[in-house]
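Below: one structure, written as structure tokens.
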Amino acid sequence: MKEVLVARVTKLAGGVWRVPTVGKNAINSFALEDSDGSIVLIDAGLKGAKPKLVAALKEIGKAPTDVKMILATHAHGDHVGAVQKMHDLGAGPLHAHEDDASFIREGKMPPIDQSQILARIFKFAAKKIPASSVSGTFVDNEIIDVAGGIRVMHTPGHSPGHSSFLLEKSGILITGDALFNLFDRISFSFAIACSNYKMSRETALRLGDADYEIAAFTHGKEITENARDTVRKFLKMRSDS
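Here you go:
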């Protein structure tokens, strides 16, 4: 008997779901339902994430053809890996920050911060990502007029165009890789994965200034209680150290 793949989405708010594509929350995408019933997908996981994404859409009563737009937090292979495969199934166009768009189109990994020792040691790290078309770009503080309004928070450093998203209607912050919450422990992005590690830590401080009730992470489980205070406490503690 063929195994039925279930993504086991987590509902964060009305019309907002976290979609795990690796493990329970090691790598997450997010599905947002717009007023017309269509779906906005934030990130598309690794190259092999398509079955999980399709299963997640089915779980919420949708199909790839219901995805009218994909938003990328940044140009890394664990976030845009399955974009082209989703396009092949009828999903809508990809939008990315203008500073990351060319990396995605050309299938190139953004440069890694060579001031970090591990980055110099691991020279064999991936230099390519699955290429896909980018139909639109966005900039800092732009409000994307879907799903009640998605505010772009440019948080560069992890990549030049790395962006976090504030879902204004539902009060949810999607950090992208500006912050991780693996094993329920908040941390900055890993230095070995950053284009500019110092900048990534500095721009993450912006996330403490936003107004939200839930903090959701592309790596790790969401924080649903005292989310903003918890994030601000972490940022203050680390910025003072």
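Numbering follows numbering that gives the first Met the number 0, in which position 40 of the sequence shown is assigned residue number 39; successive positions increment by one, without gaps.
Every residue gets a Cβ at the ideal spot worked out from N, C-alpha and C, and that includes glycine.
### Simplified DSSP assignment, three categories, for residue 85
helix
### Query
In angstroms, rounded to a whole number, what distance separates the CA positions of residue 175 and residue 60?
25 Å
### Task
Whole angstroms is fine: what's the gap from residue 95's alpha carbon to residue 73's?
Residue 95 and residue 73: Cα-Cα distance of roughly 7 Å.
### Task
Below 8 Å CB to CB, which residues in the same chain sit around residue 80 once its five sequence neighbours on both sides are set aside?
43, 44, 45, 46, 47, 48, 128, 129
### Query
Going by alpha carbons, who is nearest to residue 236 out of 212, 225, 207?
Cα-wise, what sits closest to residue 236 is 207.
### Query
What's the gap between the Cα of residue 53 and the Cα of residue 63?
6 Å
### Message
Taking the alpha-carbon of residue 180 as reference, which of 101, 109, 230 has the nearest alpha-carbon?
### Response
230
### Query
Excluding five sequence neighbours on each side, which residues of the same chain lie with their C-beta closer than 8 Å to the C-beta of residue 2?
Annotation note: pLDDT 46 at residue 2 (below 50); position unreliable, coordinate value reported separately. Around residue 2: no qualifying Cβ.
### Task
With distances taken Cα to Cα, identify the nearest neighbour of residue 169 among 216, 8, 9, 13.
13
### Query
Is DSSP giving residue 47 helix, strand or coil here?
helix
### Message
Beta-carbon within less than 8 Å of residue 56's beta-carbon, same chain only, minus the 5 sequence neighbours each way: which residues are those?
### Response
30, 38, 62, 63, 65, 66
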